[in-house]
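Worksheet for the structure shown next.
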Ligand SMILES: NC(=O)c1ccc[n+]([C@@H]2O[C@H](COP(=O)([O-])OP(=O)(O)OC[C@H]3O[C@@H](n4cnc5c(N)ncnc54)[C@H](OP(=O)(O)O)[C@@H]3O)[C@@H](O)[C@H]2O)c1
């Protein structure tokens, strides 16, 4: 085998990919996941550790619009495979994205790759009554062509008195090995507090919420609370989402030019700067995926962070 040195970017991508097959980082590397964003992150800091010790890439691929004609399906599949090769091996979908079409498209790229991928899907709040979670999970698994999910999320909040049966149903799926972990989405601090009072709720692996340079709302309460309780946040719409994309901003373009990367990579490197946030940008083309993946090896300086704070005040 050749002894050639890897570039930092190659090393980062390989660390992220290996992070999925190695259950946990060494304590030394984990310690490198310094919070705050001003400390130089090591390549291994671009994974995020879930409460059960599993390391996942800090950057994944959102799949909301896939399989629904926004781009030709073969382009979307190629985009996802490009992401895999660059370490973006976490996929975020939902049973309700395009009425199941997102999951069906993913089944094509998962074939032969399943063990490399950290697969996230979601159940809707109107599906959780009775044995609804088990049925929704079975339907997602069938569409995805797999027999387990790495992470299953409740898509939107429900009243707190529904938390005990919710957790029990997730735990049952976990015991049956149909899911490896579970979590929630769009929960505020009060809902997280109520959730953690339920037996076994300490296994909640993440809260998926919106977070981007132009939507920093969670910094006030939710982000510090999750950090304190060692629950990673999964940031959706990390580029601002379709209608409020941040990438046209001149400050981002300037920083991108200085670092030799696209504005999108700067925006994503900012979202994942702490080591406790996973970003799941959606990209419908290999070119966009390549630009985004550069965030895994982009180290923003303290001066960059100050510039971004001025351009996008908290
Ligand atoms: N839990 C929830 O309630 C929830 C809600 C919303 C979203 N999500 C998840 O989060 C994922 C991402 O969120 P999102 O789709 O709302 O927002 P986003 O990732 O912030 O933005 C997606 C948009 O960015 C564009 N884009 C991606 N990379 C780009 C690049 N390098 N340069 C220029 N444009 C680029 C995409 O266009 P192209 O398609 O042309 O690449 C698309 O229009 C979703 O796919 C979904 O998995 C979850």
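Residue numbers (our numbering): 278 to 591.
We put the beta carbon where it would ideally sit given N, CA and C, even for glycine.
From residue 558 to residue 489, what does the alpha carbon distance come to, in whole angstroms?
A straight-line Cα-Cα distance of about 10 Å links residue 558 and residue 489.
Euclidean distance between Cα positions of residue 394 and residue 334:
Going by the C-alpha atoms only, they are around 10 Å apart.
Would DSSP call residue 529 helix, strand or coil?
Of the three classes helix, strand and coil, the one that applies to residue 529 here is helix, per DSSP.
Closest to residue 429 by CA distance: which of 451, 420 and 365 is it?
Residue 429 has its Cα closest to that of 451, out of 451, 420 and 365.
Would you mind reading off the limits of the beta strand (DSSP E) that contains residue 460?
Taken as a continuous stretch (DSSP letters only), the beta strand (DSSP E) holding residue 460 covers 459–462.
Considering only the alpha carbon of each residue, which of 378, 332, 364 and 547 lies closest to residue 344?
Selected option, being the one with the closest Cα: 378.
By Cβ distance below 6 Å, which residues in the same chain neighbour residue 583 in space, the five residues on each side in sequence not counted?
Counting only Cβ-Cβ distances below 6 Å, and skipping sequence neighbours, we find nothing.
Going straight from the alpha carbon of residue 351 to that of residue 573, what length do you get?
When only Cα atoms are considered, residue 351 and residue 573 end up about 25 Å apart.
Can residue 570 and residue 363 be called in contact, C-beta distance under 7 Å?
Taking C-beta atoms as the reference points, residue 570 and residue 363 count as a pair closer than 7 Å.
Contact defined as beta carbons within less than 8 Å: I believe residue 523 pairs with residue 491. What is the distance between those atoms, to the nearest angstrom?
Between residue 491 and residue 523 the Cβ distance is about 5 Å, and since that is below 8 Å, they are a contact.
So, for residue 312: in the same chain, excluding its five sequence neighbours on each side, which residues have a beta-carbon less than 7 Å away from its beta-carbon?
The predicted position of residue 312 is uncertain, since its pLDDT is 28 and thus under 50; a value taken from the coordinates is nonetheless stated next. Answer for residue 312: 504, 551, 552 and 553, listed in chain order.
Using the beta-carbon count (16 or more within 10 Å), is residue 322 buried or exposed?
Caution applies to residue 322, whose pLDDT of 46 falls short of 50 and renders its modelled position unreliable; the model cannot decide the point.
Can you give the Cα-Cα distance for residue 516 and residue 556, rounded to whole angstroms?
Roughly 9 Å separates the two Cα atoms.
Between the CA atoms of residue 436 and residue 401 - distance to the nearest angstrom:
Whole-angstrom Cα-Cα distance: 13 Å.
Could you check which residue in 449, 485 and 477 has the C-alpha nearest to that of residue 466?
Here the closest residue by C-alpha is 485.
When the distance is taken between beta carbons, is residue 502 closer than 7 Å to residue 463?
Cβ atoms of residue 463 and residue 502: not closer than 7 Å.
Can the beta-carbon of residue 356 be found less than 7 Å from the beta-carbon of residue 539?
No. Outside cutoff.
Is it buried or exposed, residue 390, if we count other Cβ atoms within 10 angstroms and call 16 or more buried?
With fewer than 16 Cβ atoms within 10 Å of its Cβ, residue 390 is classed as exposed.
Run through the DSSP bridge pairs and tell me what residue 331 is partnered with.
Paired residue(s): none; residue 331 is not in a bridge.
Quick one: what's residue 369 bridged to in DSSP?
Residue pairing by DSSP places residue 369 opposite 339 and 397 in a beta bridge.
Own chain partners of residue 580 with C-beta closer than 7 Å, once the 5 adjacent residues on each side are dropped:
None.
Between the beta-carbon of residue 456 and the beta-carbon of residue 426, is there less than 7 Å?
It is a contact, given that the beta carbons lie within the stated cut-off.
Whose CA, out of 526, 519 and 513, lies closest to the CA of residue 549?
Ranking the options by Cα distance to residue 549, first place goes to 513.
What does the Cβ neighbour count give for residue 292, buried or exposed, with the cut at 16 atoms within 10 Å?
In this prediction, residue 292 scores a pLDDT of 39, lower than 50, which makes its location untrustworthy; no coordinate-derived value is stated.
For residue 481, does the three-state DSSP call read helix, strand or coil?
Note: residue 481 maps to strand in three-state DSSP.
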